[in-house]
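Participant: Below are the structure tokens for one structure; questions will follow.
In this note's numbering, the protein residues as written are 429 to 515.
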């Protein structure tokens, strides 16, 4: 999987998918999923249309998102609307 993330050419990414398919025929569903344009573009810099500066400064994990999710529930769940707005 690391090679998929670090490949520097689109041809290298496609070759990797072809190699995986040749070695493991049961990986077809996996390959179909990861070959989706929006999936591979979110994983590999050379396949992405995101500006290089943005790509480099973006975190490579979901820690910020997970922290935000925890913070939004710190006052509890199923609150009354006014309580949720005020907190």
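C-beta atoms are modelled at their ideal positions from N, C-alpha and C, and glycine is treated no differently.
Can you tell me whether residue 513 is buried or exposed, with buried defined as 16 or more other CB within 10 angstroms of its CB?
Facilitator: Counting from 1 along the chain shown, the entry for residue 513 is found at position 85. The residue in question, residue 513, is exposed, as its Cβ has fewer than 16 Cβ neighbours within 10 Å.
Participant: In three-state terms, what does DSSP make of residue 439?
Facilitator: To locate residue 439, count along the chain shown from 1; it is residue 11. Helix at residue 439.
Participant: Under 8 Å, with one C-beta from each stretch per pair, do the region 471 to 486 and the region 431 to 445 reach the 3-pair mark?
Facilitator: Touching, yes, given that three or more Cβ pairs across the two stretches are closer than 8 Å.
Participant: Near residue 444, what residues of its chain come up, given a Cβ to Cβ distance below 8 Å and the 5 sequence neighbours on each side ignored?
Facilitator: What you label residue 444 is simply residue 16 of the chain shown in a count that begins at 1. Excluding sequence neighbours, residue 444 sits near 431, 432, 435.
Participant: Excluding sequence positions up to five away, which residues of its chain have a Cβ less than 7 Å from the Cβ of residue 461?
Facilitator: Sequence index remark: in the chain shown, residue 461 carries index 33 (1-based). 467, listed in sequence order.
Participant: Have a look at residue 506 and residue 494 and give me their C-alpha separation to the nearest angstrom.
Facilitator: Along the chain shown, one-based indexing puts residue 506 at 78. Along the chain shown, one-based indexing puts residue 494 at 66. So the alpha carbons of these two residues sit roughly 19 Å apart.
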